[in-house]
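Quick notes on the structure that follows.
Protein chains in written order, with the working numbering: chain A, 2 to 241; chain B, 2 to 241; chain C, 2 to 241; chain D, 2 to 241.
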């Protein structure tokens, strides 16, 4: 009964490697089935080369294993917190991709420096604070989820589908596991280009707001006209 | 009747990916058929892996679809403006290639710092200004074409086959779609090497003018002697 | 009788190349058989493409060849010193991987700037001092081993499985040859991310100690819960 | 009669691409047959993908084509000057490899910052001066060869098998075409690591002289003990 979500999450994990976002086993993708109230996630520390769809672990929303023989990713509690707090997301990715991790380690958010960013993230990519000593002791991965949610108190996670955890690395998400992988790749490219932009012009300021808004809206707004998705409706509209 | 131009533009789009200039669907190539008064261009948001030559969209010079079932690249209006303003070009490429985009985001032109640059671009690679709020509202992609044309008021687009749109990314062009892809790759390499050059020597000035001119002329001048293209004429000349 | 260790060391050398850590022949892996009191190591200056498991050289702990027709890596005396001084390690890797070598040449240790580091190295990755003129004369490779051991006087080589030799390049080690290769790759990635972190924030300080400790312990402490290794015991434990 | 040298030079050109040192057609390798008094060199502007050994052009030492239907590399006159001035070299490579070209454009020599450098280049990798206007007019490629020779007035080209031409790019050489390709790759890696070293420590000084000398001598000195080349003599020596 979990075949579909396991297959989706398996493929998304493989794509993460194919995009060059993973060293060794430093990455994991999960997907949620909101109706079945469960998530599928990569097993902990398993090599991507030998992993099969059957190795994907399925957990209920409290983190109990309901399918699979392997221990889930140690980051599963972080994923669960995010799925609960952000009800419209369907997939989550965690990597240590090089350039996004540089910004996370430097504790610097990534402001919107260009249209590559504006096309996908509506505003800066935020950085969390560090966890306190008590938080680390009291459930490290759960608390990591909580400081992400805390950071998004006034940010819409759909318009900003990713975050940098201070001193750690990025998390990204999307409507499903595949979209989360795509946002993870986009976050890495944005970080790479931002690093070079700062090297060329340390005083650069954000893209003018009217251009930021235009780019985000042409891909994600109610009148989005990028891609093929609204083409049929449009044709129908014209025929009327 | 559009088979030739569609095949050319399809192959050029595939080459763009092969050269590593594209992440996801962030790039497009078009070609123009000046006699048939139409352009062929990549469809919007379509994955390169699954695209076929049949998916290439053909537009007349006013932007109306004359062949193909998919919506054209959202950047098509920019391409059309450039084909009208630069009558001697036959192909256009837009990418978000990493290093060229760093310069575009930093709003820094790329001066001619070496012979790699001088071999292909006769002078600095310019940056446009930002679009105003009115321009963004009044047809974003068309206005993007116009600020490129404005920037080239005193620049020959044949001798400078590319530009950085401020806060956005590069456009490049050439005598046909394949040449435009080549210039797009060259622009990316020039930007990569220029970034490192500035890191090693922030105060470096442009290559001496007499060396710049020599390099450009030996590849592009009336007495060009690089490559095999003029070899037959030369042999004929010698036999006289 | 040396087939197993030769096969292991051969495979580890091939993996080193597969991970992109080697240019030309700039790298070597060895493994030790503590019972048989011998080490297997890559032959000196041999191309990886044409190397076979039979080419791996076996030495006794005094450096005498006991199996193989080829001269061992010129770095063999360094490996031997490390095996003697660090009795719990089973494999050693030397590379000139780009980013780790940048730190070695810059004579800068790599402090723990993030969890990627903390997951694998418990504290900074240290740099040795330079060898004196007398030391260079008196057995260069042996003395290189000695200054590494000297640098680890107060460092546990199991918790810090790698070092930067000043002006030279990294050495890494692990419980066997495969683990040493993995630590060599990890050291290179940590160095790459640290370089970018410093470019974004030259004044960044180390990750707070409580987070460093948490990350190291969740992978390497007595109650480690990353990966699948302790899963069976845990299940047994739960059943009790 | 030119088959052997043409095959060698063809293979070396292919290897140059395989090592990632070439964009488009920006690179060429030549080899010399000192007895036959001729050189074989890549044809000008020909794609590597479609090139065959038959396309390699053979020139006499005055630059006249003695075999082949294609025009030789436009850099052939530079190669000829170097073969005349440096009688012990057998192959030459010119590329615009990214990191070496950064140093060339920045007009900065690469001092010996580590053993990777010391293993292969005995001292700094020098930069030429710029060509004057008269020199550019009077035979650009020949004069490029002359300023390299001028720069090596007090440098042994065997111990320093490469150079950075100011504002242009590197040349490297070796005992034959294959060795020249190898030195070209080494020069690129040295430049890459040197760039990062300067980013981490702008004030770093050269490797202590006694370590530089040791590393160069262990690979290239009369008592070299790296690799397998002297192994048989050594064994014979021991038997005496």
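Yeah, the Cβ is synthetic: ideal placement off N, Cα and C, and Gly gets one too.
According to the Cβ coordinates, are residue i and residue j closer than 8 Å?
i, j, result
"residue 161 of chain A", "residue 124 of chain A", "yes"
"residue 190 of chain C", "residue 24 of chain A", "yes"
"residue 158 of chain D", "residue 87 of chain D", "yes"
"residue 200 of chain A", "residue 200 of chain B", "yes"
"residue 100 of chain A", "residue 187 of chain A", "no"
"residue 10 of chain C", "residue 57 of chain C", "yes"
Secondary structure at residue i, three-state DSSP: helix, strand or coil?
i, result
"residue 237 of chain D", "Only weak support is given to the placement of residue 237 of chain D: the predicted model assigns it a pLDDT of 44, under 50, and the value that follows is read from those uncertain coordinates. Of the three classes helix, strand and coil, the one that applies to residue 237 of chain D here is helix, per DSSP."
"residue 186 of chain B", "helix"
"residue 173 of chain D", "strand"
"residue 164 of chain B", "strand"
"residue 95 of chain C", "strand"
"residue 111 of chain C", "strand"
"residue 10 of chain A", "helix"
"residue 222 of chain C", "coil"
"residue 23 of chain C", "coil"
"residue 76 of chain D", "coil"
"residue 58 of chain D", "strand"
"residue 16 of chain C", "helix"
"residue 47 of chain C", "coil"
"residue 28 of chain C", "strand"
"residue 197 of chain B", "helix"
"residue 3 of chain C", "coil"
"residue 136 of chain A", "helix"
"residue 206 of chain D", "coil"
"residue 53 of chain D", "coil"
"residue 228 of chain A", "coil"
Would you say the beta carbon of residue i comes nearer than 7 Å to a heavy atom of the ligand NAD?
i, result
"residue 150 of chain D", "You won't find the ligand NAD in this model; it holds no ligand whatsoever."
Under 8 Å between beta-carbons, which chain A residues line up against residue i? List them in chain order, please.
i, result
"residue 229 of chain C", "44, 45, 46, 47, 71 and 72"
"residue 100 of chain B", "197"
Along chain B, which residues have their Cβ under 7 Å away from the Cβ of residue i?
i, result
"residue 1 of chain D", "This structure cannot speak to residue 1 of chain D, because chain D is shown only from 2 to 241."
Looking only at DSSP bridge pairs, what is residue i linked to?
i, result
"residue 33 of chain A", "A/40"
"residue 128 of chain B", "B/165"
"residue 66 of chain A", "A/60"
I'd like to know whether the C-beta of residue i is nearer than 8 Å to at least one C-beta of chain A.
i, result
"residue 96 of chain B", "no"
"residue 186 of chain C", "yes"
"residue 126 of chain C", "no"
"residue 55 of chain B", "no"
"residue 241 of chain C", "Because residue 241 of chain C carries a pLDDT of 37, less than 50, the predicted location of this residue cannot be relied on, and the following value inherits that uncertainty. Closer than 8 Å: no."
Using beta carbons (cut-off 8 Å, strictly below), is residue i in contact with chain C?
i, result
"residue 160 of chain A", "no"
"residue 209 of chain D", "yes"
"residue 233 of chain A", "Bear in mind that a pLDDT of 46 at residue 233 of chain A, under 50, signals an unreliable position, so the number given afterwards is only what the model happens to contain. So no, residue 233 of chain A is outside the interface."
Under 7 Å between beta-carbons, which chain D residues line up against residue i? List them in chain order, please.
i, result
"residue 212 of chain B", "131, 132, 137 and 168"
"residue 103 of chain C", "194, 197, 198 and 201"
Would residue i pass as an interface residue toward chain D - the criterion being a Cβ-Cβ separation below 8 Å?
i, result
"residue 109 of chain C", "yes"
Run through chain C and tell me which residues come within less than 9 Å of residue i, C-beta to C-beta.
i, result
"residue 116 of chain A", "By Cβ distance, chain C contributes nothing, its closest Cβ being about 22 Å from residue 116 of chain A, past 9 Å."
Check the Cβ-Cβ distances between residue i and every residue of chain B, and say whether any is below 8 Å.
i, result
"residue 106 of chain D", "yes"
What does residue i reach in chain D if we use C-beta pairs closer than 8 Å?
i, result
"residue 141 of chain C", "215 and 219"
"residue 205 of chain B", "106, 107 and 108"
"residue 24 of chain C", "186, 187 and 190"
What does residue i touch in chain B if you count any residue whose Cβ is under 8 Å from its own?
i, result
"residue 165 of chain D", "Going along chain B, no residue has its Cβ under 8 Å from residue 165 of chain D, so there is no contact; the nearest lies around 11 Å."
In chain C, what lies closer than 7 Å to residue i by C-beta?
i, result
"residue 154 of chain D", "Residues of chain C passing the Cβ test: none, with the nearest at roughly 29 Å."
Mind listing the chain A neighbours of residue i? Cutoff is C-beta to C-beta under 9 Å, in chain order.
i, result
"residue 183 of chain C", "25"
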